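Colleague: First the structure, then my questions, so here it is.
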Amino acid sequence: MKRPLGILCLAALLAACGSNQKPVDDVQVADPAGAENAANAERNKNRQRQYFVQGKNLYATYCQNCHQPDGSGLGALYPPLKDSDYLPNHQAEVACGIKHGMMGPLMVNGTEYNQVMVGQTNLTNLEIAEIMTYVYTEFGDQEVLIDVKTVDKYMADCTGMVNFNKE
Ligand code: HEC
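Note that the sequence shown covers residues 295 to 461 in my numbering.
Below, the structure is given as structure tokens:
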């Protein structure tokens with residue numbers, strides 16, 4: 295009959311310990327919204343890196359003959375992408391221009407260009423998003439992710455060559 299008594303004692307001990315628990319205020323409560331934001335930020339960072347790497351390869355194939363590997367452009371013929379002041383407020387035109395081309399006079403960093411850029415209609419919206427992520431990150435001044443959904447939206451309003459003569 296010794297055993298049940300031992301169990302009883304143990305139970306009593308635990309109950310006593312229970313009263314020594316930390317006050318609830320000290321316990322850190324997880325912030326579900328904060329954790330979710332952090333997870334989203336991490337996902338976007340990874341996607342940005344993927345887009346950037348793909349975009350770099352596509353840029354080498356489709357763009358750098360004219361705009362040069364370092365984005366500096368070529369004389370009066372091809373405008374620079376490096377630090378181009380045209381890039382920041384014209385994402386929709388850039389997306390549309392990559393696909394369907396550009397023509398007519400446009401100013402880049404104080405110089406007027408008036409040439410024709412041929413479109414690359416074989417590129418998918420995803421590839422255009424990857425190229426733009428690369429161009430805006432590498433030649434702009436900050437890391438950006440231009441995702442495929444954004445390019446889908448731009449393409450919905452893009453019906454043909456971007457023509458600066460019309461503006
Ligand atoms: C055959 C040469 C050629 C190729 C290839 C080419 N471009 Fe262009 N690009 C031009 C020319 C020429 C202009 C100026 C068009 C005008 O005068 O209206 C231009 C203009 C631009 C502009 C707007 C002006 C600026 O410098 O910010 C961007 C952005 C651009 N190109 C990005 C690209 C990207 C990205 C690719 C690859 C997908 C590409 N281009 C491929 C010749 C080219």
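Just so you know, even glycine gets a beta-carbon here, dropped at the ideal spot from N, CA and C. Source: prediction; values computed, not measured.
Do V445 and A386 come within 7 Å of each other at the CB atom, strictly closer than that value?
Modeller: Against the sequence shown, residue 386 aligns to sequence position 92. Against the sequence shown, residue 445 aligns to sequence position 151. Not in contact: A386 and V445 (Cβ atoms no closer than 7 Å).
Colleague: Given the structure, does I440 come close to ligand 1, in the sense that its CB is under 6 Å from one of the ligand's heavy atoms?
Modeller: The sequence position of residue 440 within the sequence shown is 146, counting from 1. Answer for I440: no, Cβ out of range of ligand 1.
Colleague: Please list the terminal residues of the continuous alpha helix (DSSP H) segment that includes G404.
Modeller: The residue given as residue 404 occupies position 110 in the sequence shown. Looking at the DSSP string, G404 is not in any alpha helix (DSSP H), and its letter there is neither H nor E.
Colleague: Would you mind sorting K393 into buried or exposed? The rule is 16 or more other CB atoms within 10 Å of its CB.
Modeller: As a first step, residue 393 must be located in the sequence shown, where it is residue number 99. Buried is the call here.
Colleague: Please confirm whether any heavy atom of ligand 2 lies closer than 6 Å to the CB of L375.
Modeller: Absent from the structure shown: ligand 2. Ligands present: ligand 1.
Colleague: When the Cα atoms are used, what is the spatial distance from D377 to A324?
Modeller: Here residue 377 refers to the residue found at position 83 when the sequence shown is read from its first residue. Here residue 324 refers to the residue found at position 30 when the sequence shown is read from its first residue. So the two alpha carbons sit approximately 43 Å from each other.
Colleague: Is the stretch 338 to 356 close to the stretch 423 to 443, with three or more CB pairs under 8 Å?
Modeller: In short, these stretches touch, since the Cβ pair count reaches three.
Colleague: Going by the CB atoms, is the gap between Y430 and V402 shorter than 7 Å?
Modeller: Here residue 402 corresponds to residue number 108 of the sequence shown, with the count starting at 1. Here residue 430 corresponds to residue number 136 of the sequence shown, with the count starting at 1. No; because the gap between Cβ atoms is not below 7 Å, this pair is not in contact.
Colleague: What's the C-alpha gap between P382 and N338?
Modeller: Taking the sequence shown and counting its residues from 1, one reaches residue 382 at position 88. Taking the sequence shown and counting its residues from 1, one reaches residue 338 at position 44. Each residue's Cα considered, the two are about 20 Å apart.
Colleague: Mind the definition here: the stretch 358 to 377 touches the stretch 415 to 428 only if three or more C-beta pairs lie below 8 Å; say whether that holds.
Modeller: At 8 Å Cβ cutoff, the stretches do not touch.
Colleague: What are the residues that DSSP puts in a beta bridge with Y409?
Modeller: Working through the sequence shown from its first residue, we reach residue 409 at position 115. The question names Tyr, but residue 409 in the sequence shown is Gln. Answer is G398.
Colleague: Taking the C-alpha atoms as reference points, what is the distance between E424 and P326?
Modeller: Locating residue 424 in the sequence shown gives position 130, where the first residue counts as 1. Locating residue 326 in the sequence shown gives position 32, where the first residue counts as 1. Between E424 and P326, the C-alpha separation is close to 31 Å.
Colleague: Regarding L368 and ligand 1, is the C-beta to nearest heavy atom distance less than 6 Å?
Modeller: Your numbering for residue 368 matches position 74 in the sequence shown. No, since every heavy atom of ligand 1 falls outside the 6 Å radius drawn around the Cβ of L368.
Colleague: Run the proximity test for M397: is its beta-carbon closer than 6 Å to any non-hydrogen atom belonging to ligand 1?
Modeller: As a working note, residue 397 is residue 103 in the sequence shown. Correct: M397 has its Cβ closer than 6 Å to ligand 1.
Colleague: Just confirm the distance between the C-beta atoms of Y407 and P373, as a whole number of angstroms; I'd bet it's less than 8 Å.
Modeller: Numbered from its first residue, the sequence shown carries residue 407 at position 113. Numbered from its first residue, the sequence shown carries residue 373 at position 79. Sure, about 5 Å apart at Cβ, within 8 Å.
Colleague: Tell me the DSSP secondary structure of N416 in three-state form.
Modeller: Against the sequence shown, residue 416 aligns to sequence position 122. N416: coil per DSSP, three-state reduction.
Colleague: How about V445: is its Cβ closer than 6 Å to a heavy atom in ligand 1?
Modeller: In the sequence shown, the residue the question calls residue 445 occupies position 151. No, the beta carbon of V445 sits no closer than 6 Å to any heavy atom of ligand 1.
Colleague: Quick check on V438: does DSSP put it in helix, strand or coil?
Modeller: Stepping through the sequence shown from its first residue, residue 438 is reached at position 144. If DSSP states are grouped into helix, strand and coil, V438 belongs with coil.
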